[in-house]
Amino acid sequence: MWRKGNRATTGARMWATATADAHQRPVTQCGPHPNPRQHFTMNPKLVAITGTTGELGREVAERVARSGLPMRLLVRDCDRAPQMPNTDVREASYEDVDAFATAVSGADTVFLVSLPESEQRRALHRSAIDACRQAGVNRIVYTSFTNPSPDAVFTLARDHYDTEQALESSGIPFTALRNNLYIEMIPNLVTAGVIRGPAGDGQFAPVARTDVATVAARVIVDGFDNNQRLEVSGPERIDLHQAATLMSEITGNPVRYINETIDEAFQSRAHLDATRFELEAWISSYTSIAAGEMSNVCDTVAKLTGRPAQTPRERLTQYLSATTTSC
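All residue numbers for the sequence shown refer to full-length UniProt numbering, where the first residue is 1 and numbers rise by one.
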């Protein structure tokens, strides 16, 4: 869905919650919610947070900062790190196991944000997990995808399955947040008043990135039971026809959805500066919606935050009013 290099970048990062099966595998049901009364016995120890130059990582760090826990922000460029109280900043990348291990040394919990789509992503995630193991990290909170599977239609959901397997094998207690699509990415699907892709009438349950950040911070601060896999969705299902209608109503500009065939989807993206790997990831995000595996609605946000998850209309209205996005 992402298109590289412009506002219509519709691909792996947004639909980083999409998993589907060509034969309509049953949707994974929500697992048991963690019980706040059965959490780790934790002292206020250091939390290392990756991805803080991006939107989700920064929002999580802001929420953890309010708890008073000490934080270490892991970034590729210290000059780009956000300024927050009670923090230090370390330069580290997933590629360098030794440097990453040094950067997370002394951290009790690491918030591991999944990398953007690339053919190296599985290996880099495994390197970061290995570095955490070497450093003696006590817990990892990882941003996964809804319904990860080795045979998912959405190719990047297979990467998330691989990472969850690596977490399981590492022996480090972990929580995998299986996020649905971000509501905030819906405007990026629109090009010249059109959302196009082979999603058919399939539905998904998009979640506000701000809600994901609040859930992640709650898990980090409260330290719930080991080895949880939490589905994190919005409160309702929509299809891309409805997404287009929402964009029309909120922006005042006409937006429509065109359902493409897979061949048409490749043809309409052929002009993009993208590898075959990227094109397959972007297009498979739509076909995974068509397969119905992103339609799982869970109440994790309400359970962990004490308030309902934001609807697509609520969040898009708020988000678009704060930006200069136009269709």
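Where is the CB? At the ideal position from N, CA and C, for every residue including glycine.
Closer than 8 Å is the cut-off here; do at least three beta carbon pairs connect the region 245–263 with the region 303–319?
In short, these stretches touch, since the Cβ pair count reaches three.
Going by alpha carbons, who is nearest to residue 255 out of 63, 89 and 190?
For residue 255, the closest of 63, 89 and 190 by C-alpha to C-alpha distance is 190.
Sub-8 Å separation of residue 52 and residue 81 beta-carbons:
Their beta carbons are under 8 Å apart, which means residue 52 touches residue 81 by this criterion.
Cα separation between residue 215 and residue 132?
Taking the Cα positions, residue 215 is about 22 Å away from residue 132.
In terms of DSSP beta bridges, what is residue 238 paired with?
In the DSSP output, where bridge partners are listed per residue, residue 238 has 204.
Quick check: what's the CA-CA separation for residue 77 versus residue 83?
Using only the alpha carbons, I get a separation of about 13 Å.
With the cut-off set at 8 Å, would you say residue 202 and residue 292 are in Cβ contact?
Cβ distance < 8 Å, so residue 202 and residue 292 count as in contact.
With 16 other CB atoms within 10 Å as the buried threshold, where does residue 322 fall?
Exposed is the call here.
For residue 92 and residue 151, I'd like the C-alpha separation in whole angstroms.
Looking at the backbone, the Cα of residue 92 and that of residue 151 are separated by about 32 Å.
Nearest-angstrom Cα distance between residue 68 and residue 218?
Answer to the nearest angstrom: the Cα atoms are 13 Å apart.
Under 8 Å, with one C-beta from each stretch per pair, do the region 222–241 and the region 302–316 reach the 3-pair mark?
With contact defined as three or more Cβ pairs closer than 8 Å, the region 222–241 and the region 302–316 are in contact.
Taking 8 Å as the cut-off, does the region 139–148 touch the region 109–124 (at least 3 CB pairs, one atom from each stretch)?
The region 109–124 vs the region 139–148: in contact.
For a test of your reading of the model: does the CB of residue 272 fall under 7 Å from any non-hydrogen atom of the ligand MN? Yes or no.
Looking for the ligand MN in the displayed structure turns up nothing, as the structure carries no ligands at all.
Please identify the residue among 180, 103 and 147 whose C-alpha is closest to the C-alpha of residue 312.
Closest option to residue 312, Cα to Cα, is 180.
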